[in-house]
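J.: Residue numbers (my numbering): 8 to 161.
Pasting a structure here, questions to come.
Put into structure tokens, the structure is as follows:
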């Protein structure tokens, strides 16, 4: 994982609190945003501040979605975060395939389950070029991502 205070702060917020749906723990940790003077992207910081004000975990989920869109984390953390968003039904199969295709092009991985997910993404992309919807591959991709989340998010 890239090492800087912003990455560490967000990964800790997501992995230790959001993944466990721990609103109180997330709130206590999120308040550190004011102590650390972090240089977070404005939209992400806004969602965290809205979470602090409203105590609505959807705001942290929105911050997580933005982190995916800008590829804020290294590859395996990106996949784990994406897997969490699959778990809570916040991303479509199209978004999953697009996100993993771009993220994978940025870095190879040694994780067998991630390799399996990427093989499925490749298959879905190939079928898509032929205007074929591969429902079985899409379902298997979702299942694989859920397994990744369960295995690596703890």
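Even glycine gets a Cβ: it sits at the ideal position worked out from N, Cα and C.
Predicted model only: the values in this text are computed from it and were never measured.
At the level of alpha carbons, what is the spacing between residue 41 and residue 16?
T.: Indexing the chain shown from 1 puts residue 41 at position 34. Indexing the chain shown from 1 puts residue 16 at position 9. About 12 angstroms.
J.: State the CB to CB distance for the pair residue 152 and residue 128, rounded to an integer number of angstroms; the pair is presumed to be in contact (CB under 8 angstroms).
T.: Taking the chain shown and counting its residues from 1, the one referred to as residue 152 is at position 145. Taking the chain shown and counting its residues from 1, the one referred to as residue 128 is at position 121. That pair is no contact at about 10 angstroms.
J.: Please report the distance separating the alpha-carbon of residue 9 from that of residue 47.
T.: Here residue 9 corresponds to residue number 2 of the chain shown, with the count starting at 1. Here residue 47 corresponds to residue number 40 of the chain shown, with the count starting at 1. Low local confidence applies: a pLDDT of 45 at residue 9 is under 50, so the model's placement there is unreliable, with the coordinate-based value given in what follows. Each residue's Cα considered, the two are about 14 angstroms apart.
J.: Please tell me whether residue 155 and residue 87 are closer than 8 angstroms, where the distance is taken between their beta carbons.
T.: For the purposes of this step, residue 155 is taken as the residue at position 148 of the chain shown. For the purposes of this step, residue 87 is taken as the residue at position 80 of the chain shown. Yes, they are a contact pair.
J.: Going along the chain, which unbroken runs of the beta strand (DSSP E) with 3 or more residues stay wholly within the segment 36-82?
T.: Entirely contained in the segment 36-82, not one beta strand (DSSP E) run reaches 3 residues.
J.: Is the distance from the Cβ of residue 30 to the Cβ of residue 62 below 8 angstroms?
T.: As a first step, residue 30 must be located in the chain shown, where it is residue number 23. As a first step, residue 62 must be located in the chain shown, where it is residue number 55. Cβ atoms of residue 30 and residue 62: closer than 8 angstroms.
J.: Is residue 37 near residue 55, with beta carbons less than 8 angstroms apart?
T.: Here residue 37 refers to the residue found at position 30 when the chain shown is read from its first residue. Here residue 55 refers to the residue found at position 48 when the chain shown is read from its first residue. Against a cut-off of 8 angstroms, the Cβ pair of residue 55 and residue 37 comes out as a contact.
J.: Could you tell me the distance, in whole angstroms, from the CA atom of residue 67 to the CA atom of residue 78?
T.: Taking the chain shown and counting its residues from 1, one reaches residue 67 at position 60. Taking the chain shown and counting its residues from 1, one reaches residue 78 at position 71. Between residue 67 and residue 78, the C-alpha separation is close to 16 angstroms.
J.: When you compare only the Cα positions, how much space is there between residue 165 and residue 35?
T.: Because the chain in this structure spans residues 8 to 161, residue 165 falls outside the shown range and cannot be described.
J.: May I ask which residues mark the beginning and end of the alpha helix (DSSP H) holding residue 149?
T.: Walking along the chain shown from the start, residue 149 turns up at place 142. It spans 142-159 - the alpha helix (DSSP H) in which residue 149 sits, taken as one unbroken run.
J.: Could you check the C-alpha separation between residue 19 and residue 94 for me, to the nearest Å?
T.: Here residue 19 refers to the residue found at position 12 when the chain shown is read from its first residue. Here residue 94 refers to the residue found at position 87 when the chain shown is read from its first residue. Rounded to the nearest angstrom, the two C-alpha atoms are 19 angstroms apart.
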